[in-house]
């Protein structure tokens, strides 16, 4: 019995040790442990600069380098980049501008510069005057450079020919303001000046914005007027109008009385 009991005890101890060894597992990290110790890398930001330096760069039209680019996740639409598919969807339609890429003005001034060996800045006024004079002689049968182009259809046709000849785009606002050939020539000399800094529409707040460009016969830009000021001005004008009306009625009444007495 003793030997048997001792044997059972030994067997039980072996089973216990075996079970303990089998059930033990090595320690392993989980996804939560990874997130706990993971540190996000801070994005590289451009060095801070003084506001005056940034304003100076913008005023001098210096290009701004793109340091960070946003990565678009997802599938791109082939209609936006597949040239064959784009041409198929256009179905023969062409969206080319009616303003040529290389205008008659550009060709003429290049030839003049090559022949005379002079700078474009010295040549362009005479070339502008010559080409614009040809347009004037073709389209304006009577009058001179100061003759007002009151016929709007005629004016727009002339300005369309000007845009084709000189290869520049004239805004709708300028189409209404350029009412004679003298104004058109001044506009061309200003726009085609080689020393003129090109306007970048993406520049924030349009630092080169000129209010005078938007002034016209029916448009004016001035100081803000408060409602109280408007009300006072309106009352003053109404009083003036009523006074003029009374005076005109009195004059008419006096004329009637005079005519009646004479009769």
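In our numbering, the protein residues as written are 53 to 315.
Idealized CB from N, CA, C, for every residue including glycine.
Quick caveat, the model's predicted, so the values are computed rather than measured.
ask   = Exposed or buried, which one is residue 311 when buried takes at least 16 other CB atoms within 10 Å?
value = Numbered from its first residue, the chain shown carries residue 311 at position 259. By the 10 Å Cβ count, residue 311 comes out exposed.
query = For the putative contact between residue 179 and residue 157, defined by C-beta atoms under 8 angstroms, what is the C-beta separation to the nearest angstrom?
reply = Working through the chain shown from its first residue, we reach residue 179 at position 127. Working through the chain shown from its first residue, we reach residue 157 at position 105. So it is a contact: roughly 7 angstroms between Cβ atoms.
request  = Look up residue 130 in the DSSP assignment and say whether it is helix, strand or coil.
outcome  = One-based indexing of the chain shown puts residue 130 at position 78. Residue 130 falls in the helix class under three-state DSSP.
task = Could you check the C-alpha separation between residue 163 and residue 249 for me, to the nearest Å?
result = Numbered from its first residue, the chain shown carries residue 163 at position 111. Numbered from its first residue, the chain shown carries residue 249 at position 197. So the alpha carbons of these two residues sit roughly 24 angstroms apart.
task = Return helix, strand or coil for residue 144, following the three-state DSSP convention.
result = Counting from 1 along the chain shown, the entry for residue 144 is found at position 92. If DSSP states are grouped into helix, strand and coil, residue 144 belongs with coil.
message = Given this structure, state the Cα-to-Cα distance separating residue 207 from residue 128, to the nearest angstrom.
response = Walking along the chain shown from the start, residue 207 turns up at place 155. Walking along the chain shown from the start, residue 128 turns up at place 76. The straight-line gap from Cα to Cα measures roughly 46 angstroms.
query = Distance, Cα to Cα, residue 73 vs residue 124?
reply = Indexing the chain shown from 1 puts residue 73 at position 21. Indexing the chain shown from 1 puts residue 124 at position 72. Bear in mind that the predicted position of residue 73 carries a pLDDT of just 48, short of 50, making it too unreliable to give a figure here.
inquiry  = Report the CB separation of residue 233 from residue 184 in whole angstroms; it is logged as a contact under 8 angstroms.
reply    = On the chain shown, position 181 is the one that residue 233 refers to. On the chain shown, position 132 is the one that residue 184 refers to. About 7 angstroms; that satisfies the 8 angstroms criterion.
query = Does the separation of the CB atoms of residue 220 and residue 243 fall below 8 angstroms?
reply = The count along the chain shown starts at 1 and reaches residue 220 at position 168. The count along the chain shown starts at 1 and reaches residue 243 at position 191. Yes.
ask   = Nearest-angstrom Cα distance between residue 195 and residue 217?
value = Here the question's residue 195 lines up with position 143 in the chain shown. Here the question's residue 217 lines up with position 165 in the chain shown. Approximately 22 angstroms between the Cα atoms of the pair.
inquiry  = DSSP three-state label for residue 193, please.
reply    = Looking up residue 193 in the chain shown gives position 141. Residue state, collapsed to three classes: coil.
DSSP-derived helix/strand/coil call for residue 239 = On the chain shown, position 187 is the one that residue 239 refers to. In this structure, residue 239 counts as helix in the three-state DSSP scheme.
key: Buried or exposed by the 16-neighbour rule on C-beta atoms within 10 Å, applied to residue 237   = Residue mapping note: residue 237 aligns to position 185 of the chain shown, counting from 1. Its Cβ being crowded by 16 or more others within 10 Å, residue 237 is buried.
query = How is residue 187 classed by DSSP in three states: helix, strand or coil?
reply = As a position in the chain shown, residue 187 is number 135, starting the count at 1. Correct three-state label for residue 187: helix.
message = Taking the beta carbon of residue 176 as the centre, do at least 16 other beta carbons fall within 10 Å, making it buried, or is it exposed?
response = Position 124 of the chain shown, counted from the start, is the residue given in the question as residue 176. Buried, by the Cβ-count rule.
ask   = If residue 213 sits next to residue 222, beta carbons under 8 angstroms apart, how far is it from one beta carbon to the other, in whole angstroms?
value = Residue 213 sits at position 161 when you count from the first residue of the chain shown. Residue 222 sits at position 170 when you count from the first residue of the chain shown. About 11 angstroms separates the two Cβ atoms, so there is no contact after all.
query = Between which two residues does the alpha helix (DSSP H) containing residue 212 stretch?
reply = As a first step, residue 212 is located in the chain shown; it is residue number 160 there, counting from the start. Looking at the DSSP string, the run of the alpha helix (DSSP H) that includes residue 212 is 204-218.
message = Quick check: what's the CA-CA separation for residue 100 versus residue 110?
response = Walking along the chain shown from the start, residue 100 turns up at place 48. Walking along the chain shown from the start, residue 110 turns up at place 58. Answer to the nearest angstrom: the Cα atoms are 16 angstroms apart.
query = What three-state label does DSSP hand residue 154 in the structure shown?
reply = Taking the chain shown and counting its residues from 1, one reaches residue 154 at position 102. Coil at residue 154, not helix or strand.
message = On the CB-based measure, 16 or more other CB atoms within 10 Å of its CB, does residue 324 come out buried or exposed?
response = Coverage of the chain is limited to positions 53 through 315, which leaves residue 324 absent and any answer about it impossible.
task = Identify the continuous alpha helix (DSSP H) that holds residue 229 and give its terminal residues.
result = Here residue 229 refers to the residue found at position 177 of the chain shown. From DSSP, the alpha helix (DSSP H) with residue 229 extends over 224-229.
Inter-residue CB distance, residue 131 and residue 141 (contact presumed, cutoff 8 angstroms) = By one-based count along the chain shown, residue 131 stands at place 79. By one-based count along the chain shown, residue 141 stands at place 89. Between residue 141 and residue 131 the Cβ distance is about 7 angstroms, and since that is below 8 angstroms, they are a contact.
ask   = Quick one: what's got a C-beta closer than 7 angstroms to residue 226's C-beta in the same chain, skipping five residues either side?
value = For this step, residue 226 is matched to residue 174 along the chain shown. If we look at residue 226 and ignore the five residues flanking it on each side, its Cβ neighbours are 239.
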